[in-house]
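In UniProt numbering, the protein residues as written are 1 to 186.
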């Protein structure tokens, strides 16, 4: 039986000693805060990161640290927020702060792992997210695991003196299962 929080390249864990400090330090990686926030950039302290992960019994919020299978090294975080069990949906957030960790397959594997948890363990029907239109790498990863662009909030984000669109994405359980089966065959 497969571990529900184990992917091919990553596994999801609780926040451990030193993780919050690592998140505080790596939030300054180029472009990270701008892509995580649709509003003004507010840096977080280690205590605020710890508080984000501090509700292990919450059924509305599931927060995981992302670690590499090869060496248990910390890669980032992923969460399901605003989980609604009646309507069987949630909002996804993800960050792999260190630029050298991106483009290695960790992001897609993290997405597949959290979606497996969402659909197979929590019984959700849909997972949604928002992404800045200029975050091409994230958009590629989202679409690769089955997310579909459902809407555009036109000129919703102001960066570098210009207006950017904010895209709304969603993936249904059936869509993700179909894409993940195709990926396993390839």
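By construction, the Cβ of each residue, glycine as well, lies at the ideal position given by its N, Cα and C atoms.
Scanning its chain for C-beta atoms nearer than 7 Å, with the 5 sequence neighbours on each side dropped, one finds around residue 81 the residues 61, 90, 91, 93, in chain order. Note that the C-beta distance between residue 108 and residue 144 is below 8 Å. For residue 163, the three-state secondary structure derived from DSSP is strand. Secondary structure note for residue 80: its beta strand (DSSP E) is the uninterrupted segment 74 to 84. Membership of residue 68 in any alpha helix (DSSP H) is not indicated; the residue belongs instead to the beta strand (DSSP E) covering 62 to 68.
In the three-state scheme derived from DSSP, where H, G and I count as helix and E and B as strand, residue 148 is classed as strand.
The beta carbon of residue 29 is closer than 8 Å to those of 97, 98, 99 in its chain, skipping five residues each way along the sequence. For residue 16, the three-state secondary structure derived from DSSP is coil. Between the alpha carbons of residue 149 and residue 55 lies a gap of roughly 31 Å. Taking 8 Å as the upper bound for CB-CB distance, residue 142 and residue 10 are not in contact here, some 16 Å apart. With distances taken between CA atoms, residue 147 lies nearest to 125 out of 31, 125, 155.
A direct Cα-Cα distance of roughly 27 Å separates residue 4 from residue 21. Of the other Cβ atoms in all chains shown, fewer than 16 fall within 10 Å of the Cβ of residue 85; this residue is therefore exposed. Sixteen is the threshold: when 16 or more other Cβ atoms of the shown chains lie within 10 Å of the Cβ of residue 64, as they do, the residue is buried.
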